[in-house]
Amino acid sequence: MKSPILQSATKYLLPILLLFSFFLLLRGHYYPGGGFVGGLVASIAFVLHSFANGPDETMKILKRKPLSLIPTGLSISALSITLPLLFGYPPMTGLWFEEPIPFIGMIGSSLFFDLGVYLVVVGVVLTILFTISLNNLEEKN
Amino acid sequence: MIDNHILGPVFIHLFTAILQLIAWRKTVTQRVISGIGSFLGVLVSIRLLDKVVDNGILTLNASNWEAPFGIVFVADLLSSTLVLITSLAGLAVSLFSSTGINRQRMLYGYFPIFHFLVMGLNGAFLTGDIFNLYVWFEVIIISSFVLMTLGGRKQQLEGAVKYMALNILASTFFLTGIGILYGITGSLNMADLSQKIKLVNNQFLIGITSTFFLIGFGIKSAVFPLYYWLPSSYHTPPSAVAATFGGLLTKVGIYAMLRVFSLIFIPDEFTRNLLMVLAVLTIITGSLGALIKLNIRRLFSYLIVCHIGFMIGGIGMFTKVALMGTIFYLFHDILVKTNMFLIAGVIRQMRGTMEMKYLGGIYGQYPKISLLIALVLFSLVGIPPLSGFWPKIFLFKESLNLEHYAFVAALVLGSFVTLFAIARMWSEVFWKDVPAGVDAEDKFAPMPLARKILLILPIGLLAAITIFIGLNAEVVVQLVDKISDQLVDTSSYVEAVLGKQN
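Residue numbers (my numbering), protein chains in the order written: chain E, 673 to 813; chain P, 444 to 945.
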């Protein structure tokens, strides 16, 4: 399905949706949102792009296989869980920087946990999607 | 005492799995990482058990939230011993898998999922929160679904559908039970629950809630009316996977029963009688199944069901000696059942089939390996001084004491059927000549020595531990004695989690 309207809309929607997913990720510590929802919104952005331009074009933007996001995300999360052990706290304790960082605010180890979840969700959803859609393409050819 | 490192065995397997995901499709690297990770896991578990023996029960408040508000992890003697035995079985299966699993399955992530499974098992043993226990159960069953379907043969998928349907049902019962329990008491921490449950006025409601847990765990550990998914699914996946399932997964159900029925729902007269009846029927149905099955792995599956009955009976009697029997049997059963399925895997490599009528002549061809296997089989039957002998003494003694003669009869029946089934298997598979007209396809003989060692070493390792437990029974009995003390009198557990009670 090639539709110029969808294609040009996607061109603007992709960055907006990605920004929105980041907003959800950062907001998630105290308000509704977080890594899981953020990851879903981000993957929807790529899903929309692949609807408009085909999965091959989307792979070109992503540059790497989405599968590789899963171990990356998992290791970020796992490290942020175990990091407090080095400071003598139980695992999963939130460690915070003492000064807030401009524009973003307070940053703690829980943000990195959420970031890991975000990457894993994007990786899983896109892997499933591309596996299905690329199989379909092969069958058509 | 608070110790922030009791989750070590969980983290080791988590990081092992992540490293293997990074090495996606590099099967040689994955095998090496798996071996190293499992070995480290064993070392960390030994250290954990050692600490628990020295310092008493250790706890960890995740995220530094005080119990009963946060999730608490508790390493008492039962948990830490089970973590050690799980790690040992995990090491054996991991070594065996490096040659016993075909490359195609490894390419699709066999090893990471296997380590996630072991991580889930360790987590389930260590958690002190009932909802967290449910979450670990989910980690376990999701990993086991993947392991079971990996490879995608038709027969495998058929087994997996049965397995999945029944396990999801079990989880639903378990989760419903947790929901009701939370509604009644407002707590999920098991130590806290054990205090609050005594204060509830409507004890009848508590009894009903406990049946939800009984059904949920009953399905998972394959107790009498709910066992039939097990023999119809465990013979389908590769032997290394079946070893993990047969050795460990049903035993988590037993562990959860021990935990829940000792801490939260102290069994009343009705529950005890119910458990005894279930135990007797489980043993009888398991034995009847074992008598007629002529496929090695189907036979082993029915023996699992039969021996689950022994442990349920011990929980049903719920006295100190009976619990000692159950716990000792649990330790023995994990090691031996894992080993049995590994043996089935080796026999398949040697002959290309597991049907007894096409098997034969293994003793003539491989006398040394056969003797090693015989040792494991003797231990399963319970010949003294091997590990299967000791727990049965406790079970017999206590059931005679309490005059549960039906259970005594079932124990005798179960033991004899095990003996008969194993003796028949021995004569059919090892002593009998290869039947005429059967073209045995031996993949084992032409293997390079290193691969042969990787197949036999895990069996030797587990057999050595079985012998160690058998000959060193005094040490193990002392350990089991302390464990059942902790289960009968839970005040030390509650005190370790919630602090000194006034």
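Yeah, the Cβ is synthetic: ideal placement off N, Cα and C, and Gly gets one too.
Here the structure is a predicted model, which means the values were calculated and not measured.
Which residues in chain E have a C-beta closer than 7 Å to the C-beta of alanine 505/P? List them in chain order. Taking the second sequence and counting its residues from 1, one reaches residue 505/P at position 62. Correct list: Pro762, Pro763 and Met764.
*Drop a sphere of 10 angstroms on the beta-carbon of glutamine 547/P, count the other beta-carbons inside from all chains shown, and report buried for 16 or more, exposed for fewer.*
Here residue 547/P is taken as the residue at index 104 of the second sequence, counted from 1. The residue in question, glutamine 547/P, is exposed, as its Cβ has fewer than 16 Cβ neighbours within 10 Å.
For leucine 593/P, which three-state DSSP category applies? If you number the second sequence from 1, residue 593/P lands on position 150. Looking at leucine 593/P - three-state DSSP - the assignment turns out to be coil, as it is neither helix nor strand.
- Message: Among the candidates Ser676/P, Phe708/P, Leu724/P and Gly756/P, whose CA atom is the shortest distance from the CA of phenylalanine 743/P?
- Response: By 1-based counting over the second sequence, the position of residue 743/P is 300. Minimum Cα distance to phenylalanine 743/P is reached at Ser676/P.
Exercise. Buried or exposed: lysine 663/P, going by 16 or more other Cβ atoms within 10 Å of its Cβ?
Worked result: On the second sequence, residue 663/P is found 220 positions in, with the first residue counted as 1. Flag for lysine 663/P reads buried.
> Nearest chain E C-beta to phenylalanine 559/P closer than 7 Å, yes or no?
Replying inline: Stepping through the second sequence from its first residue, residue 559/P is reached at position 116. Not one chain E Cβ lies under 7 Å of phenylalanine 559/P.
query = Do leucine 767/E and serine 749/E have their C-beta atoms closer together than 7 Å?
reply = Taking the first residue of the first sequence as 1, we reach residue 767/E at position 95. Taking the first residue of the first sequence as 1, we reach residue 749/E at position 77. No, the pair does not count as a contact, with Cβ atoms beyond the cut-off.
Would you kindly report the start and end of the unbroken beta strand (DSSP E) that includes asparagine 504/P? Taking the first residue of the second sequence as 1, we reach residue 504/P at position 61. Note, asparagine 504/P: beta strand (DSSP E), 501-504.
Compare the C-alpha of proline 668/P against each of Ile584/P, Ile449/P and Val720/P and name the closest. Here residue 668/P refers to the residue found at position 225 of the second sequence. Among Ile584/P, Ile449/P and Val720/P, the Cα nearest to that of proline 668/P belongs to Val720/P.
Starting from valine 517/P, trace the beta strand (DSSP E) in both directions and tell me its first and last residue.
For this step, residue 517/P is matched to residue 74 along the second sequence. Its beta strand (DSSP E) spans residues 515-518.
- Applying the criterion that 16 or more other CB atoms from any shown protein chain within 10 Å of the CB defines a buried residue, is glutamine 463/P buried or exposed? Taking the first residue of the second sequence as 1, we reach residue 463/P at position 20. The residue is buried, with at least 16 neighbouring Cβ atoms inside 10 Å.
Query - Under the three-state DSSP convention, the category isoleucine 773/E falls into - result: Here the question's residue 773/E lines up with position 101 in the first sequence. Three-state result, isoleucine 773/E: strand.
*Any idea which residues DSSP pairs asparagine 738/P with across the strands?*
For this step, residue 738/P is matched to residue 295 along the second sequence. According to DSSP, asparagine 738/P bridges with Glu798/P.
**Prompt:** According to DSSP, what are the bridge partners of tryptophan 672/P?
**Reply:** Position 229 of the second sequence holds residue 672/P. Bridge partners of tryptophan 672/P: none, in fact.
Q. Per DSSP, which one or two residues make a beta bridge with tryptophan 768/E?
A. Position 96 of the first sequence, counted from the first residue, corresponds to residue 768/E. Beta-bridge pairing links tryptophan 768/E to Gly780/E.
Three-pair Cβ contact test at 8 Å for the stretch 816-832 of chain P versus the stretch 778-793 of chain P
yes
Checklist entry - When the Cα of tyrosine 772/P is compared with those of Leu521/P, Phe516/P, Thr502/P and Ser506/P, which residue comes out closest? => result The residue you call residue 772/P lines up with position 329 of the second sequence. Closest by alpha carbon: Leu521/P.
Fill in: Interface partners of leucine 576/P on chain E, CB under 7 Å
Against the second sequence, residue 576/P aligns to sequence position 133. Within chain E, no residue comes near leucine 576/P; the closest Cβ sits about 17 Å away, beyond 7 Å.
Would the stretch 788-799 of chain E and the stretch 467-484 of chain P be scored as touching if the rule is three or more Cβ pairs under 8 Å?
-> no
| DSSP on isoleucine 544/P, reduced to helix/strand/coil? | Within the second sequence, the letter at position 101 stands for residue 544/P. The answer is coil: DSSP assigns isoleucine 544/P none of H, G, I, E or B.
| said: Assuming isoleucine 707/P and serine 637/P are in contact, meaning their beta carbons sit under 8 Å apart, how far apart are those beta carbons, in whole angstroms? | reply: Counting from one through the second sequence, the residue named residue 707/P turns up at place 264. Counting from one through the second sequence, the residue named residue 637/P turns up at place 194. With 8 Å as the limit, isoleucine 707/P and serine 637/P qualify as a contact, their Cβ atoms being about 6 Å apart.
TODO: Can you give me the start and stop residues for the alpha helix (DSSP H) that serine 680/E sits inside?
DONE: To locate residue 680/E, count along the first sequence from 1; it is residue 8. Run containing serine 680/E: 676-699, per the alpha helix (DSSP H) assignment.
*asked:* Let me check understanding here. Comparing Cα to Cα, which of Phe557/P, Asn644/P, Glu884/P and Leu922/P lies closest to methionine 767/P?
replied: On the second sequence, residue 767/P is found 324 positions in, with the first residue counted as 1. Cα-wise, what sits closest to methionine 767/P is Leu922/P.
Endpoints, the alpha helix (DSSP H) within which glutamate 938/P is located:
Stepping through the second sequence from its first residue, residue 938/P is reached at position 495. Run containing glutamate 938/P: 934-941, per the alpha helix (DSSP H) assignment.
Given this structure, state the Cα-to-Cα distance separating lysine 469/P from aspartate 446/P, to the nearest angstrom. As a position in the second sequence, residue 469/P is number 26, starting the count at 1. As a position in the second sequence, residue 446/P is number 3, starting the count at 1. About 37 Å.
Please list the partners that proline 743/E has in chain P, where partner means a Cβ-to-Cβ separation under 7 Å. As a first step, residue 743/E must be located in the first sequence, where it is residue number 71. Within chain P, the residues near proline 743/E are Ile461, Leu464 and Ile465.
field: Assigned secondary structure, asparagine 632/P (DSSP; H/G/I helix, E/B strand, else coil)
entry: Residue numbering aside, residue 632/P sits at position 189 when the second sequence is read from its first letter. In this structure, asparagine 632/P counts as strand in the three-state DSSP scheme.
Pairwise C-alpha distance: glycine 759/P and glycine 825/P | For the purposes of this step, residue 825/P is identified with residue 382 of the second sequence, where counting begins at 1. For the purposes of this step, residue 759/P is identified with residue 316 of the second sequence, where counting begins at 1. Computed Cα separation, rounded: 22 Å.
query: Should the stretch 619-628 of chain P be regarded as contacting the stretch 578-597 of chain P, the criterion being three or more beta carbon pairs within less than 8 Å?
result: no
Assumed close pair isoleucine 556/P, alanine 567/P - CB separation to whole angstroms, cut-off 8 Å: Here residue 556/P refers to the residue found at position 113 when the second sequence is read from its first residue. Here residue 567/P refers to the residue found at position 124 when the second sequence is read from its first residue. At roughly 16 Å, the Cβ-Cβ gap does not stay under 8 Å, so isoleucine 556/P and alanine 567/P are not in contact.
- prompt: List, in order along the chain, the chain E residues whose C-beta lies closer than 7 Å to that of phenylalanine 454/P?
  reply: Looking up residue 454/P in the second sequence gives position 11. What phenylalanine 454/P touches in chain E: Thr754.
DSSP has threonine 570/P in a bridge; who is on the other side? Reading the second sequence from its first residue, position 127 is the one you call residue 570/P. Partner(s): Phe516/P.
Check whether the Cβ atoms of serine 715/E and valine 797/E lie closer than 7 Å to each other. The sequence position of residue 715/E within the first sequence is 43, counting from 1. The sequence position of residue 797/E within the first sequence is 125, counting from 1. Result yes, Cβ atoms of serine 715/E and valine 797/E sit closer than 7 Å.
Cutoff 7 Å: asparagine 716/P Cβ touching any chain E Cβ: The count along the second sequence starts at 1 and reaches residue 716/P at position 273. No - not a single Cβ of chain E is within 7 Å of the one on asparagine 716/P.
Measuring alpha carbon to alpha carbon, tell me which residue in Leu600/P, Val860/P, Ala879/P and Phe850/P is nearest leucine 718/P.
Start at 1 with the first residue of the second sequence, and residue 718/P comes out as number 275. The residue with the shortest Cα to Cα distance from leucine 718/P is Phe850/P.
Under 7 Å between C-beta atoms of aspartate 876/P and glycine 795/P:
Position 433 of the second sequence, counting from 1, holds the residue named residue 876/P. Position 352 of the second sequence, counting from 1, holds the residue named residue 795/P. No; because the gap between Cβ atoms is not below 7 Å, this pair is not in contact.
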